[in-house]
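In my numbering, the protein residues as written are 7 to 830.
Here it is as structure tokens:
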């Protein structure tokens, strides 16, 4: 698209890509990978901006005439230092407003050429860790000299005073090329305090970010409408007037998204990548967006994209007809021997397994061959339980043989230390070349715990049965669990065996197969309803590969639960040392995955709670965010009400209908509690609430069209509640009364059972009936809030993409993501 205009979803963006590319070419010819501020203004004109300020570069040694110095309009001009390394110009005296008089301009220009270098050098010597790499190790006159050498001059810019200078009246808009997610668009409160304000606002209120590949201008505008910046700019805060039209913002976002996707690492035809393009701030005058500062960094494409991993290989890995294992000991339970025993214990036929061992004829009744070359049959899966140092020749032999579809690399230590990184890179290069030639198998790992595939009928985890009792029985598992950490996945299964996924995949270091590859495979799996992912880091651009697949999974009606480790500097360091994966920018990751429709958990407990809740409620109808809550303990009723609002979700206590109130009143009278209990939401039933009262109230709430979900707090210690094991054996427990109500209700009914281990059988009975059971009311409300918010957002996403499912017909709730506003 080299013309001067482009259209995206009906919005004309008027972009001259040829001129923009020429601008990058000109800078590259000058051996630069950045644009000066005046060149950024030129770029904005090519992008379609109406109001870049007029400016003139005053270079060192130049002798402009008086007429040239007063060529800009107005009675004042802005002088800005021009250096590729001085970002925060104001902090070092690099921005000055002076009268538009030749003598005053010359004096300020000359003064800045000296004073700014001295001031910047003083700052570097006070905080040497913040110095650009170019200035590291320099001090004194040498440092000042280097800074002075890099100063290209002073930019004289037209002075455009903003109409207002109140908080939030300036806008930051920028693009960034992220390693994991490609091009990201960011917008929010601008100006000199943008970073501080973004850190101290509630999430997505100061600054918002989104993938340019998954959003158009109107979709990004919907996100921006929630920020403080939008509230101020559009006159929604007290005492303010609207300063910008919605249409202007949509046009701005649309144009930047077009530019981002043109100069993106995901575009194989682009001559340049934009690494960073930021306008901070846009000010506003008479409904004009005026850029007051800008920076742009770019690069030439310098990385060859990894070859695609064949999906057929993933299918073979998860559903192998024949399995080979190498690294099995005859004398002890090493990893290979444990894996062999687990494969057999899962019921995989011995005759379809081959063990590679140099001397043994058979191990545990399984035939052995001395080498890979002695395997005559094609293998769908080879499990390599060998050390990292043995992998290079083994990988070469596997690639040369051409008879293996998938390989599982158990080896730890591959790429996790400085010494082993070269080894890992060499192996990855061999594997990648095999994919390019179309002959190589897919590899899972290294540092993989293994795979358990119930549909594939095998278990290759190297954890013994006595350490972890695993589900072996055939059933209808409807979820998949992908985890970068095998330890996290194993401990989850140990603590919560009822998770019972169909597939448990430990991706390890992602030397070949990635999170994105498995998400793409599972998003189209017809039997899966829930996909849970624990991630420590994505390979280059695998974040956007993964995010695209998440969106497709959500559009297909699946729930995706996601947890990202490495959110802090310390967390990133720990993640890298564990899996050799560099954790990326968490806020970008969270934003991209949330917008794709995933439920992003903030803690381990929240992850497993959401996972369990999704498994229980996936088939239930979620029409809105109106909750009816009840408990026989006052503290629980209050706790439920106290937690319905949070930064990342918003629930409503539903208004009970007249018929519901009548039915509850009659049930209270039958129980003799009508004079002690006030009918309201949440409902404090009193400690005297009986089994029949509970069931009658829940049944009444389930019939109320104004209720979307019921949260029932049950205190089993109350003497009138039938929750003991003897009650279960007699068939007259509260659980038995609730079973038919839960079965008949299309809307979710969730329980809180605040009791000790002696009530575990009661909880199991409720769970068997399809109820999700929590141990604490506040934890239950938070999990429900996150789940409902995500389910409603997913429904709206499907509506926008024309992919409505059965159950998507309900009305749009008050807190749902706003629909896209059609701008003239």
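Glycine is no exception: its CB is placed at the ideal position from the N, C-alpha and C atoms.
Using the Cα positions of residue i and residue j, report the straight-line distance between them to the nearest angstrom.
i, j, result
"residue 699", "residue 628", "26 Å"
"residue 284", "residue 90", "14 Å"
"residue 395", "residue 486", "32 Å"
"residue 390", "residue 609", "33 Å"
"residue 581", "residue 761", "Confidence in residue 581 is poor, its pLDDT being 41 and thus under 50, which makes the residue's placement unreliable; the coordinate value appears in the next sentence. Distance between the alpha carbons of residue 581 and residue 761: 37 Å."
"residue 21", "residue 493", "50 Å"
"residue 197", "residue 301", "14 Å"
"residue 265", "residue 55", "13 Å"
"residue 72", "residue 149", "34 Å"
"residue 708", "residue 745", "13 Å"
"residue 586", "residue 417", "Bear in mind that a pLDDT of 34 at residue 586, under 50, signals an unreliable position, so the number given afterwards is only what the model happens to contain. Spanning the two alpha carbons is a distance of roughly 13 Å."
"residue 476", "residue 630", "37 Å"
"residue 536", "residue 566", "6 Å"
"residue 515", "residue 275", "30 Å"
"residue 814", "residue 801", "6 Å"
"residue 579", "residue 591", "Any reading at residue 579 is ruled out, since the residue's pLDDT is 45, under 50, leaving its predicted position unreliable."
"residue 39", "residue 230", "30 Å"
"residue 739", "residue 809", "43 Å"
"residue 374", "residue 474", "28 Å"
"residue 652", "residue 78", "51 Å"
Closer than 8 Å by C-beta to residue i: which residues in its own chain qualify, once you throw out the five before and the five after it? Chain order, please.
i, result
"residue 650", "633, 656, 657, 658, 659, 787, 791"
"residue 663", "710, 711, 712"
"residue 184", "190, 549, 590, 591, 594"
Out of the options, state which residue places its alpha-carbon closest to the alpha-carbon of residue i.
i, options, result
"residue 370", "284, 566, 344", "344"
"residue 878", "161, 133, 705", "Residue 878 lies beyond the residue range present for the chain, which begins at 7 and ends at 830; the question has no answer from this structure."
"residue 299", "276, 721, 84", "84"
"residue 626", "598, 714, 533", "714"
"residue 412", "447, 392, 434", "447"
"residue 359", "647, 375, 242, 330", "330"
"residue 673", "256, 691, 661", "691"
"residue 146", "128, 139, 530", "128"
"residue 620", "789, 231, 419", "789"
"residue 645", "680, 678, 717", "717"
"residue 378", "70, 800, 361", "361"
"residue 332", "342, 81, 122", "342"
"residue 455", "495, 428, 430", "495"
"residue 572", "543, 560, 598", "543"
"residue 258", "688, 180, 400", "180"
"residue 66", "120, 82, 50, 28", "120"
"residue 776", "676, 388, 729, 754", "754"
Is the beta carbon of residue i within less than 6 Å of some heavy atom of the ligand MG?
i, result
"residue 744", "As for the ligand MG, it is missing from this structure, which has no ligand bound."
For residue i, which residues of its own chain have a beta-carbon under 6 Å away from its beta-carbon, when the five flanking residues on both sides are left out?
i, result
"residue 622", "778"
"residue 758", "719, 780, 783, 786"
"residue 539", "488, 568"
"residue 386", "322, 326, 327, 328, 411"
"residue 706", "666, 669, 670"
"residue 680", "674"
Suppose the cutoff is 7 Å on Cβ atoms and the five residues either side in sequence are ignored; what does the same chain contact list for residue i look like?
i, result
"residue 348", "465, 466, 467"
"residue 364", "376"
"residue 563", "811"
"residue 115", "64, 85, 160"
"residue 156", "89, 90, 91"
Under 7 Å between the Cβ atoms of residue i and residue j?
i, j, result
"residue 159", "residue 63", "yes"
"residue 176", "residue 33", "no"
"residue 831", "residue 166", "Past the edges of the chain, shown from 7 to 830, lies residue 831, and the structure says nothing about it."
"residue 844", "residue 57", "A question about residue 844 goes unanswered here, because the residues of the chain that appear run from 7 up to 830."
"residue 212", "residue 194", "yes"
"residue 126", "residue 92", "yes"
"residue 685", "residue 747", "no"
"residue 530", "residue 551", "no"
"residue 459", "residue 350", "no"
"residue 87", "residue 100", "yes"
"residue 452", "residue 517", "yes"
If you pair each beta-carbon of the region 769-777 with each one of the region 630-639, do three or more pairs fall below 8 Å?
no
Stretch-stretch touch, CB-based, cutoff 8 Å, three pairs: the region 312-332 with the region 218-229
no
Given 8 Å, three or more beta-carbon pairs between the region 244-256 and the region 265-284:
no
With a threshold of 8 Å, are at least 3 pairs of Cβ atoms found where one atom belongs to the region 394-410 and the other to the region 421-440?
yes
Can you confirm whether the region 543-562 touches the region 596-611 when touching is taken to mean that 3 or more C-beta pairs between the two stretches lie within less than 8 Å?
yes
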